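Please read the structure below before turning to the comments.
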Amino acid sequence: MGSPMGCRGLYTSTGQVERGGPTMSDTSALEAQLAFVEEAMRSLDNALAAQQQHIFKLEQQVDRLRQQLNEQGARLDAVAEPGNDPAPPHY
3 MGSPMGCRGL
13 YTSTGQVERG
23 GPTMSDTSAL
33 EAQLAFVEEA
43 MRSLDNALAA
53 QQQHIFKLEQ
63 QVDRLRQQLN
73 EQGARLDAVA
83 EPGNDPAPPH
93 Y
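Under this note's numbering, the sequence shown is numbered contiguously, ending at residue 93.
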């Protein structure tokens with residue numbers, strides 16, 4: 003398939019047509035960009051894994067706190083049952 007207007011080559015960021023195939027410097031630049039992207043992906047993957055572990059630990063703490071709160075609420079309900087307290091003297 004031909005390029006627009008019959009031109010063959012690569013279009014640059016300025017819209018100019020670059021004749022011929024990619025040069026060695028083009029290939030080297032792409033390899034450098036690929037290496038950078040791969041390293042960034044590894045770094046982000048490690049950060050995501052660490053965040054997931056942290057979230058898991060926080061969820062466990064929230065579950066323990068919720069359980070403790072429910073237990074304390076049940077104890078308070080048992081202590082404060084209506085009818086256990088004598089009526090105030092003015093009744």
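Note that CB positions come from ideal geometry on N, CA and C, so glycine has one too.
This one's a predicted model, so the numbers in the text were calculated from it and none came from an experiment.
From residue i to residue j, what distance separates their C-alpha atoms?
| i | j | result |
| --- | --- | --- |
| A76 | Q53 | 34 Å |
| M26 | E33 | 10 Å |
| Q74 | E61 | 20 Å |
| L78 | E40 | 57 Å |
| F38 | P24 | 20 Å |
| A31 | Q55 | 36 Å |
| A89 | Q63 | 42 Å |
| M43 | D28 | 22 Å |
| T16 | D47 | 35 Å |
| L1 | Q69 | Outside the displayed span of the chain (3 to 93) sits residue 1, for which this structure offers no information. |
Name the two residues that bound the continuous alpha helix (DSSP H) containing residue i.
| i | result |
| --- | --- |
| H92 | Note, H92: premise wrong, no alpha helix (DSSP H); not H, not E. |
| T29 | M26 to V81 |
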